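Trainee: Please find one structure pasted underneath; my questions will follow.
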Amino acid sequence: MSEPLLKVKNLKTYFTSRHSQVKAVDGVDFVVGKGRVLGIVGESGSGKSMTSLSIMGLVPGPQGKIVEGEILLEDMDLVKLSDKQMENVRGNLVSMIFQEPMTALNPVLTIGEQISEMLIKHRSMRKSEAMAKAIEMLRSVGFARAEQIVKEYPHQLSGGMRQRAMIAMAMSCEPKLLIADEPTTALDVTIQAQVLELMKDLRDRTGTSVVLITHDLGVIAEMADDMIVMYGGQVVESGTADDVFEVTLHPYTKALLASIPVIDEERDRLYAIPGTVPSAANFPVGCRFADRCSLVETRCRETMPELQEVRTGHWVRCHLVTK
Numbered sequence: 249m250s251e252p253l254l255k256v257k258n259l260k261t262y263f264t265s266r267h268s269q270v271k272a273v274d275g276v277d278f279v280v281g282k283g284r285v286l287g288i289v290g291e292s293g294s295g296k297s298m299t300s301l302s303i304m305g306l307v308p309g310p311q312g313k314i315v316e317g318e319i320l321l322e323d324m325d326l327v328k329l330s331d332k333q334m335e336n337v338r339g340n341l342v343s344m345i346f347q348e349p350m351t352a353l354n355p356v357l358t359i360g361e362q363i364s365e366m367l368i369k370h371r372s373m374r375k376s377e378a379m380a381k382a383i384e385m386l387r388s389v390g391f392a393r394a395e396q397i398v399k400e401y402p403h404q405l406s407g408g409m410r411q412r413a414m415i416a417m418a419m420s421c422e423p424k425l426l427i428a429d430e431p432t433t434a435l436d437v438t439i440q441a442q443v444l445e446l447m448k449d450l451r452d453r454t455g456t457s458v459v460l461i462t463h464d465l466g467v468i469a470e471m472a473d474d475m476i477v478m479y480g481g482q483v484v485e486s487g488t489a490d491d492v493f494e495v496t497l498h499p500y501t502k503a504l505l506a507s508i509p510v511i512d513e514e515r516d517r518l519y520a521i522p523g524t525v526p527s528a529a530n531f532p533v534g535c536r537f538a539d540r541c542s543l544v545e546t547r548c549r550e551t552m553p554e555l556q557e558v559r560t561g562h563w564v565r566c567h568l569v570t571k
């Protein structure tokens with residue numbers, strides 16, 4: 249493992265109302281090494297996106313709040329920074345590619361104005377210089393007519409084009425950490441490959457670390473050095489990507505891998521994990537995967553398993569897996 253850039257320790261992000269407490273992220277720990285790609289996988293509702301919003305200081309308030317934990321970017325605890333201090337971090341030291349580009353982009357500013365605004369603020373560029381850089385960044389994500397795109401508004405672009413504009417914006421200041429939340433969801437296959445290659449190039453050229461959130465285990469296998477599997481707001485398995493794919497230990501991770509169609513294998517039905525992710529407002533007492541696990545035992549329903557290191561650098565939260 250390289251020197252850590254980001255350390256997330258016992259992160260708990262809860263949403264509280266008069267009647268309930270939603271534990272969206274519940275005691276998450278992980279490390280992102282300098283120049284490495286960390287993949288985060290898990291079903292919708294596992295806490296992946298809320299973990300990334302917590303790092304960015306964008307947890308929806310006033311109900312949502314980081315109630316415990318540390319988010320250390322090198323020696324700086326992002327949890328303790330003021331809103332003003334976080335403005336200097338966001339887009340500069342840490343950038344994010346959001347899952348929904350239509351809601352993330354400002355509808356009343358052109359694409360060029362939105363990219364150049366970041367460069368003027370964080371890189372002290374003149375307006376003309378920032379606009380030239382914006383055109384260069386748009387070309388780098390596959391826009392053939394970048395000079396025209398900078399003058400257009402988000403509603404004038406397709407979903408895939410908006411996503412690429414978001415990627416250009418996130419990469420423009422060459423951040424130390426790039427968080428990519430489902431960055432290729434709205435893109436066709438050729439553009440997907442191009443975007444992933446761009447992220448690799450940014451990592452190789454500038455040493456940027458990447459947190460890649462995705463449902464696509466194929467993307468994780470291709471891109472990630474390390475990976476964590478999340479379920480019910482917790483990390484259930486983590487390690488290097490090679491270790492987790494080659495020696496899969498948690499029943500949930502095994503079930504995710506079993507859900508992937510195999511091109512040269514004939515099946516009457518594709519495998520699907522039974523049941524659904526439990527509500528974050530009403531998690532069970534024991535293992536949160538217990539109701540969907542084919543190997544469940546009595547102790548699984550009664551006691552929460554601890555996250556334990558069962559092989560060097562390979563951590564698992566399961567009663568059935570031991571050293």
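Numbered per our numbering, the sequence shown spans residues 249 to 571. Every residue, glycine too, gets a C-beta built ideally from N, C-alpha and C. Small disclaimer: the values here were computed from a predicted structure and weren't measured.
Which parts of the segment 255–336 are runs of the alpha helix (DSSP H), unbroken and 4 residues or longer, counting only runs that do not cross its ends?
Mentor: 296–304
Trainee: List the whole-angstrom C-beta distance separating V477 from V484, where the pair is believed to meet the contact cut-off of C-beta under 8 Å.
Mentor: As a working mapping, residue 477 is identified with position 229 in the sequence shown. As a working mapping, residue 484 is identified with position 236 in the sequence shown. Rounded, the Cβ-Cβ distance is 5 Å, consistent with contact.
Trainee: From what residue to what residue does the alpha helix (DSSP H) around L505 run?
Mentor: As a working note, residue 505 is residue 257 in the sequence shown. Note, L505: alpha helix (DSSP H), P499 to A506.
Trainee: So, are the CB atoms of M447 and L353 less than 8 Å apart?
Mentor: Indexing the sequence shown from 1 puts residue 447 at position 199. Indexing the sequence shown from 1 puts residue 353 at position 105. Against a cut-off of 8 Å, the Cβ pair of L353 and M447 comes out as no contact.
Trainee: Starting from M344, trace the beta strand (DSSP E) both ways and give me its first and last residue.
Mentor: Taking the first residue of the sequence shown as position 1, residue 344 is located at position 96. Segment V342 to I345, the beta strand (DSSP E) holding M344.
Trainee: Go ahead and pull the three-state DSSP assignment for R393.
Mentor: Stepping through the sequence shown from its first residue, residue 393 is reached at position 145. Correct three-state label for R393: coil.
Trainee: Please list the terminal residues of the continuous alpha helix (DSSP H) segment that includes D490.
Mentor: Counted from its first residue, the sequence shown places residue 490 at position 242. That run of the alpha helix (DSSP H) goes A489 to E494.
Trainee: Using only CA atoms, which one of V558, L465, V289 and I345 lies nearest to M304?
Mentor: If you number the sequence shown from 1, residue 304 lands on position 56. The residue with the shortest Cα to Cα distance from M304 is I345.
Trainee: Is H463 helix, strand or coil by DSSP?
Mentor: On the sequence shown, position 215 is the one that residue 463 refers to. Correct three-state label for H463: coil.
Trainee: Less than 8 Å between the beta carbons of A428 and I383, yes or no?
Mentor: Counted from its first residue, the sequence shown places residue 428 at position 180. Counted from its first residue, the sequence shown places residue 383 at position 135. Going by C-beta atoms, A428 is not nearer than 8 Å to I383.
Trainee: Taking the alpha-carbon of F391 as reference, which of G317, E470 and G360 has the nearest alpha-carbon?
Mentor: Here residue 391 is taken as the residue at index 143 of the sequence shown, counted from 1. Ranking the options by Cα distance to F391, first place goes to G360.
Trainee: Based on DSSP bridge pairs, tell me the residues matched to L426.
Mentor: By one-based count along the sequence shown, residue 426 stands at place 178. S343 and V458, per the DSSP bridge assignment.
Trainee: For Q440, which residues from the same chain have a beta carbon less than 6 Å from its beta carbon, with the 5 sequence-adjacent residues on both sides left out?
Mentor: In the sequence shown, the residue the question calls residue 440 occupies position 192. T432, listed in sequence order.
Trainee: Along the beta strand (DSSP E) that carries M478, what are the first and last residues, could you check?
Mentor: Position 230 of the sequence shown, counted from the first residue, corresponds to residue 478. Where M478 is concerned, the enclosing beta strand (DSSP E) stretches over D474 to Y479.
Trainee: Look at the alpha carbon of T261 and the alpha carbon of V510, and state the distance between them as a whole number of angstroms.
Mentor: In the sequence shown, counting from the first residue as 1, residue 261 sits at position 13. In the sequence shown, counting from the first residue as 1, residue 510 sits at position 262. Near 37 Å, if we compare the C-alpha coordinates of V510 and T261.
Trainee: Do you know whose CA, among K255, E316 and V289, lies nearest K271's CA?
Mentor: Counted from its first residue, the sequence shown places residue 271 at position 23. Comparing Cα positions, the closest option is E316.
Trainee: Please state whether DSSP places K525 in a helix, a strand or coil.
Mentor: Taking the sequence shown and counting its residues from 1, the one referred to as residue 525 is at position 277. Before going further, note that residue 525 is Val rather than Lys in the sequence given. In the three-state reduction of the DSSP assignment, V525 falls in the coil class.
Trainee: Take P423 and list the residues in its own chain whose beta-carbon comes closer than 7 Å to its own, dropping the five residues that flank it on each side.
Mentor: On the sequence shown, position 175 is the one that residue 423 refers to. Cβ within range, chain order: N340, L341, V342, S343 and T456.
Trainee: Give the straight-line distance between the Cα atoms of R412 and L568, rounded to the nearest whole angstrom.
Mentor: Locating residue 412 in the sequence shown gives position 164, counting from the first residue. Locating residue 568 in the sequence shown gives position 320, counting from the first residue. Between R412 and L568, the C-alpha separation is close to 43 Å.
Trainee: Expressed to the nearest angstrom, what Euclidean distance is found between the alpha-carbon atoms of I288 and P532?
Mentor: Sequence index remark: in the sequence shown, residue 288 carries index 40 (1-based). Sequence index remark: in the sequence shown, residue 532 carries index 284 (1-based). C-alpha separation (whole angstroms): 23 Å.
Trainee: Just confirm the distance between the C-beta atoms of H463 and R565, as a whole number of angstroms; I'd bet it's less than 8 Å.
Mentor: Here residue 463 corresponds to residue number 215 of the sequence shown, with the count starting at 1. Here residue 565 corresponds to residue number 317 of the sequence shown, with the count starting at 1. Wrong, their Cβ atoms sit about 20 Å apart, outside the cutoff.
Trainee: Measure the C-alpha to C-alpha separation of E291 and A380 and round it to an integer number of angstroms.
Mentor: Stepping through the sequence shown from its first residue, residue 291 is reached at position 43. Stepping through the sequence shown from its first residue, residue 380 is reached at position 132. E291 and A380: Cα-Cα distance of roughly 40 Å.
Trainee: For H403, is the classification buried or exposed, using 16 other Cβ atoms within 10 angstroms of its Cβ as the cut-off for buried?
Mentor: The residue labelled residue 403 in the question sits at position 155 within the sequence shown. By the 10 Å Cβ count, H403 comes out exposed.
Trainee: Just curious, the alpha helix (DSSP H) that L386 is in, first and last residue?
Mentor: Counting from one through the sequence shown, the residue named residue 386 turns up at place 138. Start and end: K375 to S388.
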